[in-house]
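Worksheet: the structure to be examined is printed underneath.
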Amino acid sequence: MAYIKIAIASGQVTDHVAAIIIAKLGELGIESFEEPGDQLFGYLPENAEKQNEIHMFLDKMMIPWKESRIEDQNWNAKWEESFREILIDDKVMIKAEFHKPEVKPHYVINIHPRMAFGTGHHETTRLVIRIMLEMNLKDKQVLDWGTGSGVLAVMADMMGAKSVLALDIDDWSVNNAGENVKINEATGITVRKGSLEAAKDDDFDLILANINKNTLIENAETLVSRLKTDGTLVLSGFYEDDLDEIKNKYLKFGLDFEQKKTENDWCSGSFLKKS
Ligand code: SAH
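Plus 31 on top of the position in the sequence shown (first one is 1) and you've got the numbering used here.
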C-alpha cells in the first residue's frame, strides 16, 4: 500500500500543543509518527477516509504543513531500520522484539513499537528509569500515571514491585501497554484507562508520573494524597527551568524534595512523603 506523508512544522509550537496535535491526528487515522528535529512526520494509508479532515484541522491550527506520497515499501523493514534499541546506563535495554542485541544488560524490556509514547527514545523516560535504578522496588505498590507504552510499569515489575497500576487516558496507549505487559510477561501489572480517579481506591509506595508540567501542577494535591507515608513520587515530562515551579507546588502539599536528574533541557525530580 502507498502511504501519504504529512510533514508538519511542529518546531513552531510548544511541546504541549504538539502533543495535542499528535493526539488529534491519531484520532483522524494517522498510523505512525516520526519527530526528526523541528518537524513532525505523520503517515497514513493513501485514500484514508479522513484526509480532508486532517488538512482542515492543520489549517485551523495555523501550523505549516505539506504532503507527499510514498510508494509502497516494506514497512516492517523500514521500521526495523529506523527503530534502534536504547541502552540506559548499561543496565536497561528497551528494544523491539525483533532486535537481537549483542549485549545483555540486567533488564531487557521489549516494546511493540506503536503510536504510544515510551520507547526509551525520549529523555523523560530515561530520566525516570535512572531514578528507579537507584531505588529498591521489592514488594512495593507502584502507580504509573500516564503509562504510554507501559515501559515504566514493566520496569517496575521487573524490579520486583508487588503490584503496578498503569493508567492512561488514551486508547492507543492502553492497548499498547496491555500488549507490552504481555510480551514481557509482567504479571503484576494492571492496565486501566483513566486518570487519577481510576486509582482512588489505593495508596502507593511509589508513584511514577511522566506526563507534562501543567498536568502535574493541576493534579498535585490528588497525586500526593495517593502516596503512602515514606512513599516516593517521581515526576517527569518538564524542562529544568520549570522545576522550581513544580517543586513549590509539591512542597506545599508536604513533600520533601529529594533529587533531580537532567538530560539536555529535560528534567525529572523525586520527592519523599515524610510522616
Ligand atoms: N510513561 C511513559 C509514557 C509517558 S507519555 C514513559 O515514561 O515513556 C505521557 C502519557 O500520559 C501519554 O501516554 C498520555 O496519553 C498520558 N496522559 C496524559 N494526561 C493524562 C492523565 N490526566 N491521566 C492519565 N494519563 C495521561
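The beta-carbon is built from N, C-alpha and C at its ideal position, and this holds for glycine as well.
As the structure is a prediction and not an experimental result, all values here were calculated from the model.
If you run the structure through DSSP and keep just helix, strand and coil, what is residue i?
{"i": "E216", "result": "coil"}
{"i": "A192", "result": "coil"}
{"i": "E65", "result": "strand"}
{"i": "M166", "result": "coil"}
{"i": "S306", "result": "coil"}
{"i": "V134", "result": "coil"}
{"i": "Q82", "result": "helix"}
{"i": "L198", "result": "strand"}
{"i": "T156", "result": "helix"}
{"i": "S41", "result": "helix"}
{"i": "R115", "result": "coil"}
{"i": "I142", "result": "coil"}
Residue i to residue j, Cα distance in whole Å?
{"i": "S180", "j": "E294", "result": "21 Å"}
{"i": "E228", "j": "N250", "result": "11 Å"}
{"i": "D270", "j": "M87", "result": "The amino acid occupying residue 270 in the given sequence is Tyr; Asp does not appear at that position. About 31 Å."}
{"i": "T156", "j": "P144", "result": "15 Å"}
{"i": "K278", "j": "S256", "result": "16 Å"}
{"i": "W96", "j": "L89", "result": "7 Å"}
So is the beta-carbon of residue i under 7 Å away from any non-hydrogen atom of the ligand SAH?
{"i": "S226", "result": "yes"}
{"i": "S204", "result": "yes"}
{"i": "N141", "result": "no"}
{"i": "N215", "result": "no"}
{"i": "N241", "result": "yes"}
{"i": "G149", "result": "yes"}
{"i": "L237", "result": "no"}
{"i": "L196", "result": "no"}
Going by DSSP, what residues sit across from residue i in a beta bridge?
{"i": "K231", "result": "In DSSP, K231 forms no bridge with anything."}
{"i": "W176", "result": "L198, A240"}
- Item | the segment 136-155 in contact with the segment 174-191 per 3-pair CB rule at 8 Å | Three or more pairs of CB atoms, one per stretch, sit closer than 8 Å, so the segment 136-155 contacts the segment 174-191.
- Query: Are at least three pairs of beta-carbons, each pair with one atom in the segment 32-42 and one in the segment 70-83, less than 8 Å apart?
  - Reply: Touching, yes.
- Task: Would you check if there are 3 or more beta carbon pairs closer than 8 Å linking the segment 267-283 to the segment 233-244?
- Result: By the Cβ criterion, the segment 267-283 is in contact with the segment 233-244, since at least three pairs of Cβ atoms, one from each stretch, lie closer than 8 Å.
- Should the segment 56-69 be called in touch with the segment 125-135, which here means at least 3 C-beta pairs below 8 Å? The answer is no - the segment 125-135 does not touch the segment 56-69, with fewer than three Cβ pairs under 8 Å.
- Query: Pairing CB atoms from the segment 230-240 with CB atoms from the segment 170-180, are three or more of them under 8 Å?
  - Reply: Contact check between the segment 230-240 and the segment 170-180: three or more CB pairs, one atom from each, fall below 8 Å, which counts as touching.
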